[in-house]
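Novice: This note's numbering numbers the first residue of the sequence shown as 316 and each following residue consecutively. All residues carry an ideal CB built from backbone N, CA and C; glycine is no exception.
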Amino acid sequence: MATTLITEIQQAQTRLPLLSRADRGALIARILRELKTHRREVLANVPAAERCVWIDRLIASVSSTISEITNMQDAEFNRVLNEFEKLIATLDGISHAEKPSKTIH
Numbered sequence: 316m317a318t319t320l321i322t323e324i325q326q327a328q329t330r331l332p333l334l335s336r337a338d339r340g341a342l343i344a345r346i347l348r349e350l351k352t353h354r355r356e357v358l359a360n361v362p363a364a365e366r367c368v369w370i371d372r373l374i375a376s377v378s379s380t381i382s383e384i385t386n387m388q389d390a391e392f393n394r395v396l397n398e399f400e401k402l403i404a405t406l407d408g409i410s411h412a413e414k415p416s417k418t419i420h
């Protein structure tokens, strides 16, 4: 799922001047869904869940500022997408690293 989203972000970056506000909003909403899913499915099992307050704050902040984000100039919006791309890739890497490997004996 994260790989697909990263691809969507990269495609949006190449078509940035052609993206409508609705397209931008849909992409940010999709990023938010991925962050919420990661929080619920991966970070919910972290023993000290309070250590994950940062992602809760990020989700709340982005949720409350979607319209401002979608109205950003292309260069600013591109920087936001770059940071989300890095974050999604990092979270995906962490979640794969935490899964126990299955070894056949």
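Taking the alpha helix (DSSP H) that A327 falls in, what are its first and last residues?
Specialist: Taken as a continuous stretch (DSSP letters only), the alpha helix (DSSP H) holding A327 covers A317 to T329.
Novice: In chain order, what residues of the same chain have a beta carbon less than 8 Å from the beta carbon of A404, not counting five sequence neighbours either side?
Specialist: Around A404: A317 and I321.
Novice: Looking only at its own chain, which residues have a Cβ that is under 8 Å from the Cβ of D389, when we skip the five neighbours before and after it?
Specialist: So the qualifying residues of the chain are L331 and P332.
Novice: Should A375 be labelled buried (16 or more other beta-carbon atoms within 10 Å of its own) or exposed?
Specialist: That one is exposed.
Novice: To the nearest angstrom, report how far apart G340 and D371 are at their CA atoms.
Specialist: Using only the alpha carbons, I get a separation of about 20 Å.
Novice: State yes or no: is the C-beta of L373 within less than 9 Å of the C-beta of L350?
Specialist: Yes, these two residues count as a Cβ contact at 9 Å.
Novice: Note down the Cα distance separating T329 from L396, rounded to an integer number of angstroms.
Specialist: Straight-line Cα distance between these residues: approximately 11 Å.
Novice: Looking only at its chain, what residues have a beta carbon closer than 6 Å to the beta carbon of L406, apart from the 5 residues adjacent to it on each side?
Specialist: Closer than 6 Å at Cβ, skipping near neighbours: H353.
Novice: Roughly how many angstroms lie between the CA atoms of I429 and W369, to the nearest whole one?
Specialist: Because the chain is modelled from 316 through 420, residue 429 falls outside the range shown and cannot be assessed.
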